[in-house]
Structure formats: structure tokens, C-alpha cells
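Colleague: Positions in the sequence shown are counted from 1; adding 429 to them yields this note's numbering.
Just so it is clear, CB atoms sit at the ideal spot from N, CA and C, and this is done for glycine as well.
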Amino acid sequence: NQGGWHFTASIYSQGGAVVSEDGKKATVDTPEGKAVLQNLKDMRWRDNSMGAKQLLIINDTLQMMGSGKLGMYLAAPDNVPRIVKEAGGKYEDLAFAPMPGGKGTLMGGDGYMFNKKATPEQIKAGLKWLEWTFLTPGQGYMNNYARAA
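(1) Report the rounded CA-to-CA distance for GLU492 versus GLY462, giving the unit in angstroms.
(2) Can you tell me the Cβ-Cβ gap for GLY531 and GLY517, rounded? I've got them flagged as a contact below 8 Å.
(3) Which one or two residues does DSSP pair with ALA455 in a beta bridge?
(4) Rounded to the nearest angstrom, how far is the Cβ of GLY444 from that of GLY533, given a contact under 8 Å?
(5) With 16 other CB atoms within 10 Å as the buried threshold, where does TYR441 fall?
(6) Between ASP489, ALA446, TRP474 and ARG475, which lies nearest to THR459 when the distance is taken from Cα to Cα?
(7) Going by the CB atoms, is the gap between MET528 and SER439 shorter than 8 Å?
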């Protein structure tokens, strides 16, 4: 899935949305959606900044980035420790940049559920576990990955 979540996040970064306000209709065929696709087309065919090799899967990009054969790709922050741990990359060689547009973003991609029979105490414990697992107090989401390296 190199496209779905990233296309959605790119639409939000351009100020668009992927569903109508009533939640009943997809709204990707909009000026913002077209701007995202035009940018991708231009990067591939006008300035060749994406190169000719396309239709990559995540493991391809991880290996290419870790070996220094790829200069940039769109990914979630959780790719960084994978590049380091699985593909030989170095934290000091990697950096993040905001998505073009800056008008919004999509957060998440992970869903967490609790059993409807869970007690309030069990739900509170589950939320505490999620916080411990994914957040570094005072430092945010990504530092937890760095400390696990």
C-alpha cells in the first residue's frame, strides 16, 4: 500500500477531503485530488525526480533507502526504524520533511478496539498500555522508535 493512505494524506495536505461532509460520497475527484496526481505525474514525467522504476512495494523502498539508492519517498514515521533495523540504514542519514501544501494532514492508520464487555478499569489499562507503547512522554511518537533501536 504505497498509495492509499499517502494519497489520502496528500489530499488533506492540499486542503481537500476524501469524503463528502455527510460521509456518503468519495470526493477524490476534486481540484485538490487532481493537484496531487498532477504533482506525481510531473515528478515522474516532467522532471524525472521519481525516476523510471515504479510499482515498488514497501520492502523495495526500505532496502533502497537503507542502501543509499533512494533519495526520498513518502512514508509514515514508523518506516525509519525498519530502514535502520532491516535495511542497514543509519538514523543520522535519515530525516523527515512536511508534505507539500501544509493545509492539513491525516493522522493514524492504526485502529485499536476494546471488548464491549471490558470494564472501565480494563479500558483505562489498555489506554495506558497504548500510551506506553507508542509515546515517549514529553517527546512524542517517534522518539519511542529511536529509543528502541
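Modeller: Taking the coordinates as given:
(1) By 1-based counting over the sequence shown, the position of residue 492 is 63. By 1-based counting over the sequence shown, the position of residue 462 is 33. The question names Glu, but residue 492 in the sequence shown is Gln. Their Cα atoms are separated by approximately 30 Å.
(2) In the sequence shown, counting from the first residue as 1, residue 531 sits at position 102. In the sequence shown, counting from the first residue as 1, residue 517 sits at position 88. Not quite, the Cβ-Cβ distance comes to about 32 Å (not below 8 Å), so this is no contact.
(3) To locate residue 455, count along the sequence shown from 1; it is residue 26. The partner list for ALA455 (beta bridge, DSSP) reads VAL448.
(4) Translated into positions along the sequence shown, residue 444 becomes position 15. Translated into positions along the sequence shown, residue 533 becomes position 104. With a Cβ gap of about 6 Å, GLY444 and GLY533 count as contacting.
(5) Here the question's residue 441 lines up with position 12 in the sequence shown. Per the 10 Å Cβ criterion, buried.
(6) The sequence position of residue 459 within the sequence shown is 30, counting from 1. Closest by alpha carbon: ALA446.
(7) Within the sequence shown, residue 439 is the residue found at index 10, counting from 1. Within the sequence shown, residue 528 is the residue found at index 99, counting from 1. Yes; because the gap between Cβ atoms is below 8 Å, this pair is in contact.
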